[in-house]
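Residue numbers (the numbering used here): 4 to 386.
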Amino acid sequence: MAGKSVAVLDVRSSEVAVFVGERGVNHTFVFKASKTEKYSGYQDGAFFDVSDLARAVHSALDAVEQICGEKQKTIYVGVPGEFTLVEPKEQVVGFPKKIKITSKELNTLFESGRKPVKGYRFMRVSSMIYTTADNRRVANPVGLYSTGLSGVLSYFYCSDYFARTIEKIFDGAKIALRFLPAQFAMASYLISPETRDEYALFLDVGYLSSTICVLLGNGVLLQRTFWAGQGQIAVRLMKRFSLPYEAAVAALTRSNLYLKRDARDREFVFQGKSYEIPTKEFIDEVKAGLDELCEAVGAFLEECSGKELDSKPLYVTGEGLDGIRGALEHMSKRLSCVCEQVAPDLPYYNKPSMSSRIALIDMAYEDNRQSGSLYRFLNILGG
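Here is the structure:
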């Protein structure tokens with residue numbers, strides 16, 4: 004990696020993207036190159052076709068390296084919720100006397116709860132809540148004096164299967180891989196710290212797979228992934244109206260749930276062929292597909308009862324609802340909560356489908372910065 008740029012591989016449930024960029028002024032980003040490739044996706048913790056995934060990754064990487072004119076030495080890989088395990092733990096460390104807390108004490112606290120998990124590899128740990136020995140609840144205890152420190156922590160793990168699959172794809176390329184929890188990256192980037200200071204709900208709706216998180220502070224308390232997304236709704240349309248799958252996807256991404264049910268039948272043209280689709284039945288089928296997602300989300304929320312979530316909005320992002328006008332309003336009614344769309348607040352990238360890419364490069368850039376020699380030197384000094 005040259006200069007301040009970082010390279011990221013974003014693995015979604017229907018496409019992969021490789022991009023190289025760096026943080027610009029006012030927290031914007033400057034991209035040197037990017038390339039997206041479709042592939043067959045995954046289900047139940049496994050890829051449908053690893054060779055197809057490898058083809059897509061190599062094709063995207065080759066294109067980016069040609070544009071940049073250099074080989075990448077390190078790539079940050081976004082790990083989807085399907086392959087991520089989140090373990091919340093409460094840890095406590097005591098000190099022999101009152102001391103000034105530095106990053107050293109934080110690392111001791113973090114390491115105290117880090118345990119091997121069969122079938123998974125450790126990625127990172129973050130804090131939901133810190134509490135000092137005199138019961139001060141703080142977001143960052145560094146610089147405070149205390150005789151002890153406790154924390155409610157989130158430990159993020161990547162499945163061995165995912166890590167080995169990606170490592171095999173890059174075998175022989177002399178590229179260092181760094182794994183990042185994708186949904187945590189998105190939630191941290193898109194939702195303000197003030198909102199996350201209390202419980203917050205975040206839903207990433209993908210093409211084939213969707214993930215919901217209960218956020219607290221700078222961590223994740225609970226995370227669940229569902230086999231539900233835009234692709235499954237398209238399958239319903241394909242079967243109901245005898246459409247080619249690609250035509251069903253195209254029709255879905257141009258749908259409007261605000262249309263009156265007695266509106267005249269719509270004529271839909273795809274690749275030069277015309278299809279007559281009854282409006283009422285079409286809207287009903289799209290809503291039925293959204294209901295399947297809502298049922299999964301609703302069941303998860305019922306499990307979370309008692310966590311002060313009843314009045315909380317559900318922050319929604321991801322490519323899964325792209326082009327479906329009225330989808331959020333329908334979900335709000337079905338879930339009896341406000342569903343609010345979130346996306347990067349950046350020109351040209353302010354779409355839910357770009358959330359994972361911007362969030363991952365933000366986290367990758369910050370990790371790369373913190374690994375720098377000057378940052379490590381300041382950390383040792385407690386700066």
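Just so you know, even glycine gets a beta-carbon here, dropped at the ideal spot from N, CA and C.
Under the 10 Å beta carbon count, F159 is surrounded by 16 or more other beta carbons and is classified as buried. A residue is called buried when at least 16 other Cβ atoms come within 10 angstroms of its Cβ; N371 meets this threshold and is buried. Contiguous beta strand (DSSP E) elements confined to the region 271 to 318 occur at 276 to 280, taking only those with 3 or more residues. Relative to E343, the option among Y352, P350, L331 and W230 whose CA is nearest is L331. Taken atom to atom, the span from the alpha-carbon of F182 to that of G84 is near 12 Å. For G234, the uninterrupted alpha helix (DSSP H) run begins and ends at Q233 to F244, by DSSP.
When secondary structure is reduced to three states using DSSP, F113 falls in the helix class. Fully contained in the region 48 to 128 are the following beta strand (DSSP E) runs of length 3 or more, in chain order: 77 to 82 and 87 to 103. The beta carbon of G97 lies closer than 6 Å to those of G151 in the same chain, with the five residues before and after it left out.
Under the DSSP assignment, I364 falls in the alpha helix (DSSP H) whose first and last residues are S358 to Q373. Taken in chain order, the complete beta strand (DSSP E) segments of 3 residues or longer contained in the region 158 to 211 are 179 to 184 and 203 to 208. Distance from the CA atom of F32 to the CA atom of V80, rounded to whole angstroms, is 18 Å. DSSP places S43 outside both helix and strand once states are collapsed to three, so it counts as coil. The residues E18 and A20, in chain order, have a CB closer than 6 Å to that of T39 in the same chain once the five nearest residues on each side in sequence are set aside.
Sequence-distant partners of K74 (beyond 5 residues in either direction) whose C-beta falls short of 7 Å from its own C-beta, in its chain, are E68.
Boundaries of the alpha helix (DSSP H) harbouring E332: A330 to L338, taken from the DSSP string.
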